[in-house]
Amino acid sequence: MQHTMIVLVENKPGVLNRVASLFRRRNFNIESLNVGRTENPAVSRMTIVMDSEALDARKVEANLYKLVNIIDVQDVTNQPVVARDLALIKVKASPEGRAEIANLAAIFRAKIIDVAPESVIVESTGTEDKIESLLELLKPIGILEMVRTGQVAMMRGDALGVRHTPGANGHNRI
Amino acid sequence: MKKSGAEILWECIIREGVEVVFGYPGGANMPIYDAMLSYPVHHVLVRHEQGATHMADGYARASGKVGVAMATSGPGATNLVTGIATAMMDSSSIVCITGQVHAHLIGGDAFQETDVTGITLPITKHNYLITRADEIAEAVREAFYIARSGRPGPVLIDICKNAQIEKAEFEYPEHISLPGYRPPAHAPQADLQRAVELIAQAERPVILAGHGVTISGAVEELGMFAVKTHTPVASTLLGLGSFPAQHPLSLGMMGMHGEAYCNLAIQNSDLLLAFGMRFDDRVTGNLRTYAPRARKIHIEIDPSEIHKNVTVDVPLVGDLKTVLADLIALVDEQDHEAWQAEIDEWRRESETRDIQSWADDGKLYVPHVVRNIWQATGGKATITTDVGQHQMWTAQYYPVDKPRQLISSGGSGTMGFGLPSAIGAWFASPDEEIWAIVGDGGFQMTQAELSTAVQEGANVKIAIMNNNFLGMVRQWQEFFFERRYSAVELHNPDFIKIAEAHGIPARRVTAPEEVQNAIEFAQQTPGPVLVEFKVEKEEAVYPMVPAGADLDAMIRRPLRQVQEVG
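Protein chains in written order, with this note's numbering: chain A, 4 to 177; chain B, 10 to 575.
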């Protein structure tokens, strides 16, 4: 099953490489990995989605803490979390076909952000499921190119994700 | 005050209490070597950079302090790799400082440029690439702290040549800020309570003592806990010495070449207390049948070790010394006389099979030599080993009572570790008697360090167990490949001449009656001495749990040989 982790890391050179190397070395599979800035310039934030068993998620967490630059790891799988993915989808579109695409986009609250003579680019933000559904509908029309950011996730309110490993990096609560 | 990056490096190293470094100069670290002349530090010029890491490692293991190894960029740094991986696997605290090409040349395949931080990423606890002089002080401060704290390990600092030369304002960082690095100390109270309940219910408990006991300084606590709860103590290879071998509760070494009674005790236990060990495949055998009736408590500072190989009932993540102290206060005194009697019965059966009780057939066996060294040194010497048969025989026949007494490459199984680690251990404790017990194969891998031993006057005694074979591989070929010996026979040089070429006094021993005399010769001759023992070519280490087999499915010593005693 899919597991989603929120990982706070020190914003230092090479940290992404350390995380990626860990996944390779321990033979964990990454579905998507998103990294970006946060409200604190010294901290970057990763959202990692992986396809794994529950025990592996626990191992990933514990192994992440072995990296000196990892500040916090939370497993937000099945937790009160908001998760969003952004996709840019370039769809084949003759001038007469644009209306159909615009209609579909509207239903999914997606936007057409570029129009070229033979194609349009649709921007869609939402859960993975929503984007998958939109892609299903656009496929018959002809998808020329597609890029996705991978999920970013945030817990609702003051809820926290699960910490499997008591003691890791000073976190004593489970 | 402004100082060059190289000076800043030494200022910080000196402040860490470092008195000796092991290294090798080259193009990319020359400013470091130039600045070194102005600082009160002794540099040991090794003959191969692998030797530098093993010496730093041996120094660290013998002293409990951080060992320091240095090398230049490119091939100098890559030669460190085996030693770094060895230190990583055995949680040994070393700091490696490598030179790197100028920052503006990085990525351009400059002369002697290698991506050293990339190469060592998976085999270091942490590493740094330093491109500016003003980054050095903080990195060195952090590196030493990371190397020795928590679960120790190797840290590498790769310093660009320009950063060594350029000047920066030097201010020693009093505090370090590592928001992502907070090693745990106490285990949560609720977990401690669950552990106490399991301990109270146990009737057949066994402690599994690992390297963590020594590293955490929990030797005293282990003793107190074992005695208070009357629990026998089995040790991993690196746990040997954390509990006195002579103690009635000691079961000696567990695992692939552990004594049968020790493995039987583990397999028949109803509660395993794993203290600072990691259930390596060499100590568990087949995981599916490992200690099937035992509940398990795992005290470990590294959370990633919890449930890694063996799923446990109560994990106690924290510093072993702290957690044990907490636990000792909570547990009641216990009595497991029946259990101990049962184990002692297995122990007696094992002893009748012991090679020590074999009839004297005039042949030279490694266990006898090791036992003679043990007797001659009063069991008090610091012993380093290489890897293979002689290593296991040393673990079996040189019982140690104190931590840091047996220094061996456990997790990594690095051949060539014995001689350089002995030199490192000598720098840590020059007043101890130090023996490197090595095989003919492993010795030749780092034989070049004989020159280093001579140059430094290192008082290490080298005992080569020469069977003209890569003995352990030969043993596996004998047991598991129908005696099809493939690439295991060694045509060795004349080790006595090699020693003499180095100016090292040496003796060759070919018969049991010469052993004692040769050992005394080594002990009475100051400085490095080499003794070559021409031992039986095709002896096997027993007992043996074949890789992946059940822990109690041991190949035992042939009884036939014992009966000849009669």
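Every residue, glycine too, gets a C-beta built ideally from N, C-alpha and C.
Item, Value
"Residue range of the alpha helix (DSSP H) that includes residue 516 of chain B", "No alpha helix (DSSP H) holds residue 516 of chain B; the beta strand (DSSP E) holding it covers 515 to 518."
"C-beta contact flag for residue 162 of chain A and residue 98 of chain A at 8 angstroms", "no"
"Option in B:101, B:56 and B:244 with minimal Cα separation from residue 454 of chain B", "B:56"
"Proximal chain A residues relative to residue 130 of chain B, where beta-carbon distance stays under 8 angstroms", "20, 21 and 24"
"Buried or exposed by the 16-neighbour rule on C-beta atoms within 10 Å, applied to residue 588 of chain B", "Since the first residue shown for chain B is 10 and the last is 575, residue 588 of chain B is missing from the structure and cannot be characterised."
"Other residues of its chain near residue 16 of chain A: CB distance less than 6 angstroms, five sequence neighbours each side excluded", "none"
"Cutoff 6 angstroms; reference residue 18 of chain A; Cβ partners in own chain excluding five residues on either side", "12 and 72"
"Runs of beta strand (DSSP E) lying entirely within the stretch 134 to 178 of chain B, each at least 3 residues, in chain order", "135 to 139, 164 to 169 and 176 to 178"
"7 angstroms Cβ cut-off: residues of chain A touching residue 191 of chain B", "172 and 173"
"Status (buried if at least 16 other CB within 10 Å, exposed otherwise) for residue 199 of chain B", "exposed"
"Classification of residue 69 of chain A by the beta-carbon crowding that lies within 10 angstroms, buried from 16 upward", "buried"
"Classification of residue 109 of chain B by the beta-carbon crowding that lies within 10 angstroms, buried from 16 upward", "buried"
"Coarse secondary structure for residue 78 of chain A, derived from DSSP in three states", "strand"
"Which listed residue (B:529, B:548 and B:508) has its alpha carbon closest to that of residue 487 of chain B", "B:548"
"Closer than 7 angstroms at the beta carbon, the chain B residues around residue 2 of chain A", "Given that chain A is displayed from residue 4 to residue 177, the structure contains no residue 2 of chain A and the question cannot be resolved."
"Rounded C-alpha distance that separates residue 7 of chain A from residue 51 of chain A", "6 angstroms"
"Proximity below 8 angstroms, CB of residue 221 of chain B to CB of residue 309 of chain B", "yes"
"Proximity test, Cβ basis, 8 angstroms: residue 528 of chain B and chain A", "no"
"For residue 399 of chain B, the first and last residue of its enclosing beta strand (DSSP E)", "Careful: residue 399 of chain B lies outside any beta strand (DSSP E), inside the alpha helix (DSSP H) at 398 to 406."
"The stretch 184 to 198 of chain B / the stretch 316 to 330 of chain B touching (three or more Cβ pairs under 8 angstroms)", "yes"
"DSSP-derived helix/strand/coil call for residue 20 of chain A", "helix"
"Whole-angstrom distance between residue 212 of chain B and residue 351 of chain B, CA atom to CA atom", "12 angstroms"
"Separation of residue 554 of chain B from residue 562 of chain B, as counted between CA atoms", "6 angstroms"
"Residue from B:134, B:334, B:45 and B:451 with nearest C-alpha to residue 396 of chain B", "B:451"
"Interface flag, residue 72 of chain A vs chain B, CB-CB below 8 angstroms", "yes"
"DSSP beta-bridge partners of residue 48 of chain A", "A:11 and A:39"
"Residues in the stretch 150 to 167 of chain B having any Cβ partner in chain A nearer than 7 angstroms", "155"
"Distance between beta carbons of residue 30 of chain B and residue 97 of chain B, contact taken as under 8 angstroms", "Incorrect: roughly 20 angstroms between the Cβ atoms, too far for contact."
"Coarse secondary structure for residue 558 of chain B, derived from DSSP in three states", "coil"
"C-alpha gap between residue 7 of chain B and residue 156 of chain B, whole angstroms", "Outside the shown range of chain B (10 to 575) lies residue 7 of chain B, about which nothing can therefore be said."
"Inter-residue spacing [alpha-carbon to alpha-carbon] between residue 285 of chain B and residue 476 of chain B", "35 angstroms"
"Residue 158 of chain B to residue 104 of chain B span [Cα, whole Å]", "13 angstroms"
"Residue 113 of chain B classed as buried or exposed, judged by whether at least 16 other C-beta atoms fall within 10 angstroms", "exposed"
"N- and C-terminal bounds of the alpha helix (DSSP H) containing residue 128 of chain B", "125 to 129"
"Near-chain B residues of the stretch 36 to 62 of chain A - C-beta to any C-beta below 9 angstroms", "45, 46, 58, 61 and 62"
"Partners in chain B for residue 65 of chain A, counting only beta-carbon separations shorter than 7 angstroms", "312, 313 and 315"
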